[in-house]
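Engineer: This is the structure, below, for whatever I ask next.
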Amino acid sequence: MFLQTDLALFYLCRYLYCGDISVRLDQAIPLHKLASKYRVWSLQQGLSQYMMGHLSSDSPTGHVVGWYQYAMQIGDANLRDRCLQYLSWNLSSVLQSGEWHSISDDLLLSLMQRSDLILQSELELYEALEAWIGQNQPAGLTVENALRQVRYGMIPPQHLFRLQKQSPVMLKYYESIRDLLFLAFQFHSASPVQLAKYFDVNCSIFTPRNYLSPSWGSPWVINNPTRDDRSFSFQTQLGPSGSDASKRVTWNALFSPRWLPLSVRSAYTNEMQATRTDSGRPRIIVTPATSSPDFAGVSFQKTVIVTARQGGKMVVRHVYNFHQSTEEAGDFLVDADLHRRVSEYLIDSSLYLHVVVKPLYHSLIVARK
Numbered sequence: 001m002f003l004q005t006d007l008a009l010f011y012l013c014r015y016l017y018c019g020d021i022s023v024r025l026d027q028a029i030p031l032h033k034l035a036s037k038y039r040v041w042s043l044q045q046g047l048s049q050y051m052m053g054h055l056s057s058d059s060p061t062g063h064v065v066g067w068y069q070y071a072m073q074i075g076d077a078n079l080r081d082r083c084l085q086y087l088s089w090n091l092s093s094v095l096q097s098g099e100w101h102s103i104s105d106d107l108l109l110s111l112m113q114r115s116d117l118i119l120q121s122e123l124e125l126y127e128a129l130e131a132w133i134g135q136n137q138p139a140g141l142t143v144e145n146a147l148r149q150v151r152y153g154m155i156p157p158q159h160l161f162r163l164q165k166q167s168p169v170m171l172k173y174y175e176s177i178r179d180l181l182f183l184a185f186q187f188h189s190a191s192p193v194q195l196a197k198y199f200d201v202n203c204s205i206f207t208p209r210n211y212l213s214p215s216w217g218s219p220w221v222i223n224n225p226t227r228d229d230r231s232f233s234f235q236t237q238l239g240p241s242g243s244d245a246s247k248r249v250t251w252n253a254l255f256s257p258r259w260l261p262l263s264v265r266s267a268y269t270n271e272m273q274a275t276r277t278d279s280g281r282p283r284i285i286v287t288p289a290t291s292s293p294d295f296a297g298v299s300f301q302k303t304v305i306v307t308a309r310q311g312g313k314m315v316v317r318h319v320y321n322f323h324q325s326t327e328e329a330g331d332f333l334v335d336a337d338l339h340r341r342v343s344e345y346l347i348d349s350s351l352y353l354h355v356v357v358k359p360l361y362h363s364l365i366v367a368r369k
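UniProt numbering puts the sequence shown at residues 1 to 369.
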C-alpha cells in the first residue's frame, strides 16, 4: 500500500512539473485521491475522464466494480452512473468474470432492480445470483431482497420447476418468494389477456429485460452501412408466457443510412425526394410482418443494441428503445461518423447491432365505482 502511495506521489509531482503523465488502470484511484487531497483540480478531472473512458479496458481482476465503489465514496455521480451503466449493458460478460463475485450487496441490488440489463436470459441472472450468494455468504435479508428482484415470469416454467427442486438457494428461501413463484406460474398457465383482467401486469415480474437469446431477437451485422438501405426479417416468440412462447411473430427491420427527420422534412415538400436526402441521418424501423388478434393487450417495445470494439473486446456502446422507429429516440447514432472506415462504431467496416423485441402487457382491471 505504501509503495502504491509513493508511486502515486511520484506521478503527482511529475504531473505538476511536466503537465501530463501516463497512467495505468491500477494507479487511477491512488492518484485521484492525491489530486483531491492536494487540490490539483485539473489532474482530478482528467483522472475522472480517464476512468470513464477506460471502463472496457482489460485488467487481470477487473476494475469497474472498484471504480464504482470509489465513485460512491467520493460522491462522483458521473463516474458512478457510467460504471453502473457499463456493468448493466455488459452484464453477460461481467457474470462470466471474477469481477462478479467482488460486487457489494448494494451494487448487486442496484443492478437487480434495473430493466436495461443486457444478458442472455433471466435464468442466467438467477444462476449468477446463486453463485454470488454461495461465494459471499451475505446476510439473509440481502438474499431475500435480491431473490425478490428476479423476474420469475420471464423464466420458462420447466426451468422454474427444476429450480424449485434443485436450487439450494431457492429451497432455503422458498417461503420468501413463494408469492412471486405462484404469480409466475399463473402467468404461464393463462393467456396474458386473461391474467390482465385480474392482476396488475405492469409490475416488474412481467417486464422483460434486454435478453440476447434467439427467442427475444436477433443480431444484425450491416456491412458498409452508408451505402444504401438494408432490410432483414427475424422471428421471436409472441411472448414469454406459457400460452405465447410457442407462437412466432415475424418482424421486418429496415435500416436507412440517410433518413430525414420529420422535424425538418417540411422544407423538402416540393422536392421529389421529400424524405431522403444526403443530409439525413440513420434510422431503423421494425414492424410485424402481419397483424394478429394475439396482439391484443400488448405493445412491443423494440431495443437496438449497438456494439463496438473497445479495449480489445466487444462492448455495448449504445442502447436505443422505441416502438416502431428509432426516430422516436431522436439521437440514434447521432455522434457516429459511419463514413470513416476507422470509425469507433464500426468493426471491419460493419455496424454490429442486436435487435430485441419486448412485449409489454397492459392491465385490463376495471376500476370499481
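From the three backbone atoms N, C-alpha and C, an ideal C-beta is built for every residue, glycine too.
Predicted model only: the values in this text are computed from it and were never measured.
(1) In this structure, does DSSP put Lys37 in helix, strand or coil?
(2) Can you find at least 3 beta carbon pairs, one from the segment 185 to 199 and one from the segment 207 to 221, that sit closer than 8 Å?
(3) By the 10 Å Cβ neighbour count, where 16 or more other Cβ atoms means buried, how is Lys313 classified, buried or exposed?
(4) Let me know the secondary structure DSSP gives Leu360 once reduced to three states.
(5) Suppose the cutoff is 6 Å on Cβ atoms and the five residues either side in sequence are ignored; what does the same chain contact list for Ala8 look like?
(6) Which whole-angstrom value describes the C-beta separation of Asp244 and Gln237, a residue pair presumed to lie in contact below a C-beta threshold of 8 Å?
(7) Out of curiosity, what's the CA-to-CA distance linking Arg340 and Asn224?
(8) Going by beta carbon distance, what residues of the same chain come within less than 6 Å of Gln135, once the five residues before and after it are set aside?
(9) Classify Asp116: buried if its beta carbon has 16 or more other beta carbons within 10 angstroms, exposed otherwise.
(10) Going by DSSP in three states, Phe187 sits in which element: helix, strand or coil?
(11) Does Ile29 come out as helix, strand or coil in the three-state DSSP assignment?
(12) Spatial neighbours of Asp76 within its chain, please: C-beta separation below 7 Å, excluding the five flanking residues on both sides.
(13) Counting only runs of 3+ residues fully inside the segment 136 to 199, write out the beta strand (DSSP E) ranges in chain order.
(14) Whole angstroms is fine: what's the gap from Arg258's alpha carbon to His159's?
(15) Drop a sphere of 10 angstroms on the beta-carbon of Ser241, count the other beta-carbons inside from all chains shown, and report buried for 16 or more, exposed for fewer.
(16) Around the C-beta of Glu122, are 16 or more other C-beta atoms found within 10 angstroms, so that it is buried, or is it exposed?
(17) To the nearest angstrom, how far is the alpha carbon of Arg265 from that of Arg281?
(18) Please give me, in chain order, every unbroken run of the alpha helix (DSSP H) with length at least 4 that falls completely inside the segment 266 to 353.
(19) Per DSSP, which one or two residues make a beta bridge with Gly217?
(20) Taking its Cβ as the centre, do 16 or more other Cβ atoms sit within 10 Å of Thr269, making it buried, or is it exposed?
(21) Answer with buried or exposed for Ser56, where buried requires no fewer than 16 other C-beta atoms within 10 angstroms of its C-beta.
(22) Roughly how many angstroms separate the alpha carbons of Leu125 and Asp20, rounded to a whole number?
(23) Once the 5 residues before and after Arg276 are set aside, which same chain residues still bring their CB inside 8 Å of it?
(24) Taking the continuous alpha helix (DSSP H) assigned at Gln237, which residues delimit it?
(25) Check each candidate in Leu195, Ser204, Arg162 and Gly140 and name the one with the smallest Cα separation from Glu175.
(26) Please classify Asn90: does DSSP put it in a helix, a strand, or coil?
(27) Please tell me whether Val193 and Tyr173 are closer than 8 Å, where the distance is taken between their beta carbons.
(28) Name the DSSP bridge partner or partners of Thr250?
(29) Quick one: Cα of Asp105 to Cα of Ser291, how far?
(30) Mapping DSSP to helix, strand and coil, what is Asn202?
(31) To the nearest angstrom, report how far apart Asn202 and Leu180 are at their CA atoms.
(32) Tell me the rounded alpha-carbon separation between His354 and Tyr86.
Structural biologist: Judging by the given coordinates:
(1) helix
(2) no
(3) exposed
(4) strand
(5) Pro30, Leu31 and Leu34
(6) 6 Å
(7) 10 Å
(8) His101
(9) exposed
(10) helix
(11) helix
(12) Ser48
(13) none
(14) 45 Å
(15) buried
(16) buried
(17) Caution is warranted here: a pLDDT of 49 is assigned to Arg265, below 50, making its placement in the model unreliable, and no coordinate value can be reported.
(18) none
(19) Val356
(20) Its pLDDT being 47, under 50, Thr269 is placed unreliably by the model, and nothing is read from it.
(21) buried
(22) 42 Å
(23) Any reading at Arg276 must be qualified, since the residue scores a pLDDT of 46, below 50, and its modelled position is unreliable; no value is offered.
(24) No alpha helix (DSSP H) holds Gln237; the beta strand (DSSP E) holding it covers Arg230 to Gln237.
(25) Gly140
(26) coil
(27) no
(28) Gln235
(29) 45 Å
(30) coil
(31) 14 Å
(32) 17 Å
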